[in-house]
Amino acid sequence: ARRVVAPLFGRQSVNVVAGLRFVSGNAKKRQRAFKHGSEDPHTSPTKLKKLRERCASPSHDLLRHLAENKIGKAMTTADRRALWFDLQYRRYSPQFLGQWKPRMQLWTAALSESQLPLPRLPEVAIAGRSNSGKSTLVNYLC
Numbered sequence: 003a004r005r006v007v008a009p010l011f012g013r014q015s016v017n018v019v020a021g022l023r024f025v026s027g028n029a030k031k032r033q034r035a036f037k038h039g040s041e042d043p044h045t046s047p048t049k050l051k052k053l054r055e056r057c058a059s060p061s062h063d064l065l066r067h068l069a070e071n072k073i074g075k076a077m078t079t080a081d082r083r084a085l086w087f088d089l090q091y092r093r094y095s096p097q098f099l100g101q102w103k104p105r106m107q108l109w110t111a112a113l114s115e116s117q118l119p120l121p122r123l124p125e126v127a128i129a130g131r132s133n134s135g136k137s138t139l140v141n142y143l144c
């Protein structure tokens with residue numbers, strides 16, 4: 003039989019086939035920390051609020067929304083690999099005016115500027131003193 007999980011009070015889940023309750027280890031730790039914090043008279047109200055918020059689990063609809071829109075830490079293995087690749091290998095030029103610069107291959111082999119690939123659009127350099135409006139000009143042009 004296929005195992006179906008249904009929410010129960012937002013904190014625990016019930017296995018519909020067997021009728022068993024199960025709670026993750028992290029949820030148990032958070033619930034235990036909230037219980038100890040609420041019993042301790044020296045715990046501040048701010049700390050109790052944080053413990054209560056950590057103790058509550060998100061609904062399945064919220065988790066589905068986060069996973070579908072790839073918000074937060076819910077990522078597929080392919081997404082994690084792509085993110086790692088992007089962070090490790092920054093050998094790509096940025097996109098400017100809808101133009102992706104050529105992929106930078108063999109960039110360490112270029113000994114002079116003439117050996118680098120030609121840009122598809124003309125390039126402009128903006129120089130000036132600090133707080134003189136360089137970024138404002140670029141933002142206005144784009």
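Going from the sequence shown to the numbering used here is simple: count from 1 and add 2.
Backbone N, C-alpha and C define an ideal beta-carbon position, used for all residues, glycine too.
Since the model is a prediction, treat every value here as computed from it, not as a measurement.
Rounded separation between residue i and residue j - CA only
i    : j    : result
Q84  : S132 : In the sequence on display, residue 84 carries Ala and not Gln. For A84 and S132, the distance between alpha carbons rounds to 36 angstroms.
N28  : W86  : 26 angstroms
L64  : N141 : 36 angstroms
C57  : K37  : 10 angstroms
L50  : K30  : 16 angstroms
D81  : K72  : 9 angstroms
R66  : K52  : 24 angstroms
G39  : T45  : 6 angstroms
A129 : T48  : 49 angstroms
L118 : S137 : 27 angstroms
S134 : L143 : 16 angstroms
R122 : S116 : 15 angstroms
D42  : E70  : 40 angstroms
E125 : S114 : 18 angstroms
G74  : L139 : 34 angstroms
Residue burial classification, residue i (beta-carbon count within 10 angstroms, cutoff 16)
i   : result
R34 : exposed
R54 : exposed
R32 : buried
For residue i, three-class secondary structure by DSSP
i    : result
H67  : helix
C57  : helix
P47  : helix
T79  : helix
L10  : Low per-residue confidence applies at L10: pLDDT is 46, beneath 50, and the placement is therefore not dependable enough to give any value.
V140 : helix
K72  : coil
E125 : coil
R32  : helix
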